[in-house]
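Undergrad:
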Amino acid sequence: MEAFQLLSRGGIKFDKNRFKEDVRLFTKDSKKASKGKQVARKDSGELPAELDFFKYAQGGAFSKRKADGTGDGETHDDKRRRLGGDEESEDESDAGSSSGQPMPRHRVTAKGSNVPEHAESFEALKERYQLSSHILANLSSNGFKHPTGIQSHGIPILLEGRDLAAISPTGTGKTLAYTIPILQCLGAPVASAKSAAGTGVRAVILAPTKELAHQIHNEFLRMAEGRKWRIVLFSKATAATLTDKNARDKVDIIVSTPLRLVASLQNGTLELSNVRQLVLDEADRLLDAEFLSQVQEIVAACSHTSIQKAVFSATFPAGAEKLAMEMLRDPIRIVVGLKDTPLPLIAQSLTYVSDESSKLPTLLTYLSQPYNPPVVIFVSSQPRATSLAEELIINGVPNVDCLHAGLTKKEREDAVARMRKGESWVMISTEVMARGMDFKGVREVINYDFPTSVQSYIHRIGRTGRAGREGKAVTYFTNEDAPFLKPIANVILQSGSSVPEWIRKLPKPSKMKRRAMGKVQRGDFVDKARKIGRGDVIKKRDMIAGSKRRKEKAERARAEMRGPGADGDRGMEVD
DNA sequence: AAAAAAC
Numbered sequence: 001m002e003a004f005q006l007l008s009r010g011g012i013k014f015d016k017n018r019f020k021e022d023v024r025l026f027t028k029d030s031k032k033a034s035k036g037k038q039v040a041r042k043d044s045g046e047l048p049a050e051l052d053f054f055k056y057a058q059g060g061a062f063s064k065r066k067a068d069g070t071g072d073g074e075t076h077d078d079k080r081r082r083l084g085g086d087e088e089s090e091d092e093s094d095a096g097s098s099s100g101q102p103m104p105r106h107r108v109t110a111k112g113s114n115v116p117e118h119a120e121s122f123e124a125l126k127e128r129y130q131l132s133s134h135i136l137a138n139l140s141s142n143g144f145k146h147p148t149g150i151q152s153h154g155i156p157i158l159l160e161g162r163d164l165a166a167i168s169p170t171g172t173g174k175t176l177a178y179t180i181p182i183l184q185c186l187g188a189p190v191a192s193a194k195s196a197a198g199t200g201v202r203a204v205i206l207a208p209t210k211e212l213a214h215q216i217h218n219e220f221l222r223m224a225e226g227r228k229w230r231i232v233l234f235s236k237a238t239a240a241t242l243t244d245k246n247a248r249d250k251v252d253i254i255v256s257t258p259l260r261l262v263a264s265l266q267n268g269t270l271e272l273s274n275v276r277q278l279v280l281d282e283a284d285r286l287l288d289a290e291f292l293s294q295v296q297e298i299v300a301a302c303s304h305t306s307i308q309k310a311v312f313s314a315t316f317p318a319g320a321e322k323l324a325m326e327m328l329r330d331p332i333r334i335v336v337g338l339k340d341t342p343l344p345l346i347a348q349s350l351t352y353v354s355d356e357s358s359k360l361p362t363l364l365t366y367l368s369q370p371y372n373p374p375v376v377i378f379v380s381s382q383p384r385a386t387s388l389a390e391e392l393i394i395n396g397v398p399n400v401d402c403l404h405a406g407l408t409k410k411e412r413e414d415a416v417a418r419m420r421k422g423e424s425w426v427m428i429s430t431e432v433m434a435r436g437m438d439f440k441g442v443r444e445v446i447n448y449d450f451p452t453s454v455q456s457y458i459h460r461i462g463r464t465g466r467a468g469r470e471g472k473a474v475t476y477f478t479n480e481d482a483p484f485l486k487p488i489a490n491v492i493l494q495s496g497s498s499v500p501e502w503i504r505k506l507p508k509p510s511k512m513k514r515r516a517m518g519k520v521q522r523g524d525f526v527d528k529a530r531k532i533g534r535g536d537v538i539k540k541r542d543m544i545a546g547s548k549r550r551k552e553k554a555e556r557a558r559a560e561m562r563g564p565g566a567d568g569d570r571g572m573e574v575d
């Protein structure tokens, strides 16, 4: 293990300038990706208007890159005409999108009473809602020029104090859509706050992983820069500083994972009775069985009568959405694009690898050819993440990294930091990375292990293709995965990539298998949640037993990964 | 079916 850490960190030093030059090495694959998309467009014939971005992508992104502007403006206008009245402006630009690629345009649908009109620009928000010039300045200095769809529609709703259920694809700027209204409301305290503007925590943001909470916290800090709000990333350490009520009263915003917050509520070191804004990010995840009771406890603790709640996600299975709608008051529901559909900017494909032992050789072959780093590789368990990383390092793959929740806090933070600095070329991770994490440079996602739900698939591949960039997503499947192939294939087809005919013709999976894919019935959803009481805390001896089990599992995973026929099938691309 | 989430 130590040797692995040394190897994975030592490796070849990676400096950014060199990287820029190396990029030329990898153009082969990016051409392949775009070719794949053209094929997909041909194959799938007529696409729904909101999905037909290919023309746009070619006219916009490509022509700019090739310094050949022909047809660019025309494509844009053409698009506008075709989409007609429902379509809303949505060019995203952010600090990272220096390539100048505009975001594709999506259809936006809003349901609810008295839906406020969307805002075409951040300046319009200033005119209509007196958005503070301080926030505007921070937007501009961070490179945010135009609101994305979810921002132009969601921000007015939140600024008017309405509850919101927002569904918008991965990488379309959901975080900023609630960051701005929350900061704005802090700046102009609601009338009922009376004497005390500083009466403790007034906004809570929940996220399912520490990494995501950290990232959200950073986004708040960026937008709040220059103001002296106290925005706290809740952790063991920060919670300990808040045992004193005076310290607590100075906190304005808390970003946290659910269990951490519940722990503080239960030991009485936290008050949430003055919380005016509560956001559930990755809400469908937070409302699934494992988190639901914790989240409900937090919601109950936010006892102020004028609390505003908002839920955000790229996916929302019916059961989770029902639960969400039940906890919102007179909500407005916004959907950007099509629910549960990845961005067409992500070129998706399936690769048949017959069995477990064929995966590693297939991946090694792939990584021995020019590819586009950084690549994120998803596996199904912590031991598999560790052992795959070891195997890649043993096989001489440079700059391999690994992130899962079995690592220490510091190891996790370091892995994220290396990813942000561009030092990781190959990042192997579990579901912990699947949601929300915004690494702007990710060019490719490989599902080394088949995702266990369509939601997981959508979020995993959403690590690439962010903020208007193109991305590539490859999913390995074995014979054993075949029964679960159809729902994923449907998602791929719906978002405009192509799927081989034999997969398209697979029968629908049985009810039992569908459930395994995450389409849990509402009844199951609630029953499961009830069984997990709020006092159902992990006991220390369980954790010790767990860690022992993990070690044994890692051993088994290593053996399995090398496999009996590690030099067998190379796997083949079915495209 | 496994992951994640406190101290």
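Using the UniProt record's numbering, the letters of the first sequence correspond one by one to residues 1 to 575.
The beta-carbon is built from N, C-alpha and C at its ideal position, and this holds for glycine as well.
Bear in mind that the values here come from a model prediction, so they are computed numbers and not experimental data.
Can you tell which of 150, 171, 155, 144 has the C-alpha that lies nearest to the C-alpha of residue 460?
TA: If you number the first sequence from 1, residue 460 lands on position 460. If we check each option's Cα against that of residue 460, 171 comes out closest.
Undergrad: Assuming residue 498 is part of the beta strand (DSSP E), what are its boundary residues?
TA: As a first step, residue 498 is located in the first sequence; it is residue number 498 there, counting from the start. From DSSP, residue 498 is part of no beta strand (DSSP E); its letter is neither H nor E.
Undergrad: Confirm, please, whether the CB-CB distance from residue 275 to residue 203 is below 8 Å.
TA: What you label residue 203 is simply residue 203 of the first sequence in a count that begins at 1. What you label residue 275 is simply residue 275 of the first sequence in a count that begins at 1. Yes, the pair counts as a contact, with Cβ atoms nearer than the cut-off.
Undergrad: Thinking C-beta only, is residue 133 closer than 8 Å to residue 149?
TA: The residue given as residue 149 occupies position 149 in the first sequence. The residue given as residue 133 occupies position 133 in the first sequence. No.
Undergrad: Just the Cα atoms here: how many angstroms apart are residue 146 and residue 268?
TA: Here residue 146 refers to the residue found at position 146 when the first sequence is read from its first residue. Here residue 268 refers to the residue found at position 268 when the first sequence is read from its first residue. Those two C-alpha atoms are separated by around 43 Å.
Undergrad: Please report the straight-line C-alpha distance between residue 353 and residue 255, rounded to a whole angstrom.
TA: Taking the first residue of the first sequence as position 1, residue 353 is located at position 353. Taking the first residue of the first sequence as position 1, residue 255 is located at position 255. Their Cα atoms are separated by approximately 41 Å.
Undergrad: Restricting to Cα atoms, I'd like to know which of 473, 347, 478 is closest to residue 356.
TA: Start at 1 with the first residue of the first sequence, and residue 356 comes out as number 356. When each option's Cα is compared against that of residue 356, the closest is 478.
Undergrad: Given that a residue counts as buried once 16 or more other Cβ atoms are within 10 Å of its Cβ, and exposed if not, what is residue 330?
TA: For this step, residue 330 is matched to residue 330 along the first sequence. Counting Cβ neighbours within 10 Å, residue 330 comes out exposed, since fewer than 16 surround it.
Undergrad: Can you name, in chain order, every residue of its own chain whose Cβ lies under 7 Å from the Cβ of residue 464, other than the five neighbours on each side?
TA: Mapped onto the first sequence, residue 464 falls at position 464. The residues are 346, 442, 443, 444, 445, 471, 472, 473.
Undergrad: Counting along the chain, where does the alpha helix (DSSP H) carrying residue 488 start and finish?
TA: Mapped onto the first sequence, residue 488 falls at position 488. For residue 488, the enclosing alpha helix (DSSP H) covers residues 485-494.
Undergrad: List in chain order: all unbroken beta strand (DSSP E) runs of 3+ residues lying wholly within the region 397-474.
TA: Counting only runs of 3 or more, we get 400-403, 426-429, 444-447.
Undergrad: Report the rounded CA-to-CA distance for residue 453 versus residue 408, giving the unit in angstroms.
TA: Here residue 453 refers to the residue found at position 453 of the first sequence. Here residue 408 refers to the residue found at position 408 of the first sequence. The straight-line gap from Cα to Cα measures roughly 27 Å.
Undergrad: Let me know the secondary structure DSSP gives residue 584 once reduced to three states.
TA: With the chain represented from 1 up to 575, any question about residue 584 goes unanswered, as that position is not in the structure.
Undergrad: What three-state label does DSSP hand residue 126 in the structure shown?
TA: Counted from its first residue, the first sequence places residue 126 at position 126. Helix.
Undergrad: Can you tell me the Cα-Cα spacing of residue 433 and residue 324, whole angstroms?
TA: By one-based count along the first sequence, residue 433 stands at place 433. By one-based count along the first sequence, residue 324 stands at place 324. CA-to-CA, the gap between residue 433 and residue 324 works out to about 23 Å.
Undergrad: For residue 342 and residue 462, which I take to be in contact (beta-carbon distance under 8 Å), what is that distance rounded to the nearest angstrom?
TA: Here residue 342 corresponds to residue number 342 of the first sequence, with the count starting at 1. Here residue 462 corresponds to residue number 462 of the first sequence, with the count starting at 1. With 8 Å as the limit, residue 342 and residue 462 qualify as a contact, their Cβ atoms being about 6 Å apart.
Undergrad: Using 8 Å as the threshold, is the C-beta distance between residue 232 and residue 258 below it?
TA: Numbered from 1 along the first sequence, position 232 holds the residue referred to as residue 232. Numbered from 1 along the first sequence, position 258 holds the residue referred to as residue 258. No, the Cβ-Cβ distance between residue 232 and residue 258 is not below 8 Å.
Undergrad: Is residue 349 helix, strand or coil by DSSP?
TA: The residue labelled residue 349 in the question sits at position 349 within the first sequence. Strand, per DSSP.
Undergrad: I believe residue 264 touches residue 237 by the beta-carbon criterion, under 8 Å. Please report the beta-carbon distance rounded to the nearest angstrom.
TA: Position 264 of the first sequence, counting from 1, holds the residue named residue 264. Position 237 of the first sequence, counting from 1, holds the residue named residue 237. Not a contact, Cβ separation roughly 12 Å.
Undergrad: CB-CB under 7 Å to residue 173, same chain, minus the five flanking residues each way: which ones, in chain order?
TA: For the purposes of this step, residue 173 is taken as the residue at position 173 of the first sequence. Only 92, 148, 150, 151 meet the Cβ criterion.
Undergrad: Residue 448 and residue 379: beta carbons closer than 8 Å?
TA: Here residue 448 refers to the residue found at position 448 of the first sequence. Here residue 379 refers to the residue found at position 379 of the first sequence. Their beta carbons are under 8 Å apart, which means residue 448 touches residue 379 by this criterion.
Undergrad: Keeping to the same chain, check which residues put their C-beta closer than 7 Å to that of residue 541; ignore five residues upstream and five downstream.
TA: As a first step, residue 541 is located in the first sequence; it is residue number 541 there, counting from the start. Here residue 541 scores only 42 on pLDDT, less than 50, and its place in the model is too uncertain to base an answer on.
Undergrad: Measuring CA to CA, which of 305, 200, 298, 178 is closest to residue 260?
TA: Here residue 260 corresponds to residue number 260 of the first sequence, with the count starting at 1. When each option's Cα is compared against that of residue 260, the closest is 298.
Undergrad: What does the Cβ neighbour count give for residue 504, buried or exposed, with the cut at 16 atoms within 10 Å?
TA: Residue mapping note: residue 504 aligns to position 504 of the first sequence, counting from 1. Exposed is the call here.
Undergrad: Opposite residue 477 in the DSSP bridges: which residues?
TA: The count along the first sequence starts at 1 and reaches residue 477 at position 477. For residue 477, which the question treats as bridged, DSSP gives the partners 352.
Undergrad: Given this structure, state the Cα-to-Cα distance separating residue 128 from residue 318, to the nearest angstrom.
TA: Counting from one through the first sequence, the residue named residue 128 turns up at place 128. Counting from one through the first sequence, the residue named residue 318 turns up at place 318. For residue 128 and residue 318, the distance between alpha carbons rounds to 34 Å.
Undergrad: Alpha carbon to alpha carbon, what distance is there between residue 108 and residue 81?
TA: Here residue 81 is taken as the residue at index 81 of the first sequence, counted from 1. Here residue 108 is taken as the residue at index 108 of the first sequence, counted from 1. Only weak support exists for where residue 81 lies, its pLDDT of 29 falling under 50; the coordinates are left without a value.
Undergrad: Smallest Cα separation from residue 578: which of 373, 126, 436?
TA: In the structure as shown, the chain starts at 1 and stops at 575, and residue 578 therefore has no counterpart that could be examined.
Undergrad: What ranges does the beta strand (DSSP E) occupy inside the region 143-227, keeping only unbroken runs of at least 3 residues that lie completely in it?
TA: 164-167, 203-206
Undergrad: Do residue 415 and residue 402 have their beta-carbon atoms positioned less than 8 Å apart in this structure?
TA: Residue 402 sits at position 402 when you count from the first residue of the first sequence. Residue 415 sits at position 415 when you count from the first residue of the first sequence. Taking 8 Å as the Cβ cut-off, residue 402 and residue 415 qualify as a contacting pair.
Undergrad: Under the three-state reduction of DSSP, which class applies to residue 339: helix, strand or coil?
TA: Here the question's residue 339 lines up with position 339 in the first sequence. Under the three-state reduction of DSSP output, residue 339 falls in the coil class, being neither helix nor strand.
Undergrad: Going by beta-carbon coordinates alone, are residue 181 and residue 116 separated by less than 8 Å?
TA: Here residue 181 corresponds to residue number 181 of the first sequence, with the count starting at 1. Here residue 116 corresponds to residue number 116 of the first sequence, with the count starting at 1. Contact: no.
Undergrad: Helix or strand or just coil, what does DSSP make of residue 318?
TA: The residue given as residue 318 occupies position 318 in the first sequence. The answer is helix: DSSP assigns residue 318 an H, G or I state.
Undergrad: What does residue 311 pair with, by DSSP beta-bridge criteria?
TA: As a working note, residue 311 is residue 311 in the first sequence. For residue 311, which the question treats as bridged, DSSP gives the partners 165, 280.
Undergrad: Can the beta-carbon of residue 177 be found closer than 8 Å to that of residue 281?
TA: Within the first sequence, numbered from 1, the residue matching residue 177 stands at position 177. Within the first sequence, numbered from 1, the residue matching residue 281 stands at position 281. No, the Cβ-Cβ distance between residue 177 and residue 281 is not below 8 Å.
Undergrad: Ignore the nearest five residues each way along the sequence and tell me which others in residue 209's own chain have a CB closer than 6 Å to its CB.
TA: Position 209 of the first sequence, counting from 1, holds the residue named residue 209. So the list reads 432, once near-sequence residues are dropped.
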